[in-house]
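In this note's numbering, the protein residues as written are 237 to 408.
All C-beta atoms, glycine included, are put in the ideal place defined by N, C-alpha and C.
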């Protein structure tokens, strides 16, 4: 009795992932998915020896899959320091810092509000599909109007250049 309970404890202590075919062949033993079933009831030494040899082969196979952590802090820390130094230089070059902070905060609030609006529209049952149809229709019109023909592509390019000049302040 003591030897069978110690064999059962030893077999359940070993961790092993059994394929489904092996589980179905092992009988009606109940066990956790990654634990071995209870020890075989027969006292056949070749059965326990073959089981032990299989466990040993599998442990050798999985031992090559161990992951070793290595850190290359020197290259990553240099990149981080370089990024921070570039950001500090650019921030020091900014003349009107309060305006930049206000625009940045306004952009964050605008993104937050737009996500709330999109979430509200998405909760209405038919509205998301209608918006998809509107987007597809507009995309089709834009492709037909500006991208399909060579003359309209040139017109689009001149319009974009005029808009760039207008935004940059270098236009008429």
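Practice task
Can you tell me which of the three DSSP states residue 366 falls into?
Solution key: helix
Practice task
Check residue 406 in the structure and name its three-state DSSP category.
Solution key: coil
Exercise for the section: Kindly examine the ligand ATP and report whether one of its heavy atoms sits closer than 7 Å to the Cβ of residue 365. Expected result: Among the components modelled here there is no ligand, and therefore nothing to report on the ligand ATP.
Practice task
Since I believe residue 382 is in contact with residue 392 (beta carbons under 8 Å), could you give me their beta-carbon distance rounded to a whole number of angstroms?
Solution key: 4 Å
Practice task
Please classify residue 384: does DSSP put it in a helix, a strand, or coil?
Solution key: coil
Handout entry: alpha helix (DSSP H) segment containing residue 353, residue limits
Key = 333-359
Practice task
Can you tell me which of the three DSSP states residue 330 falls into?
Solution key: coil
Problem - Cut-off 6 Å between Cβ atoms - residues of its own chain near residue 342, not counting five sequence neighbours on either side - result: none
Exercise for the section: Verify whether the separation of the beta carbon atoms of residue 349 and residue 357 is less than 8 Å. Expected result: no
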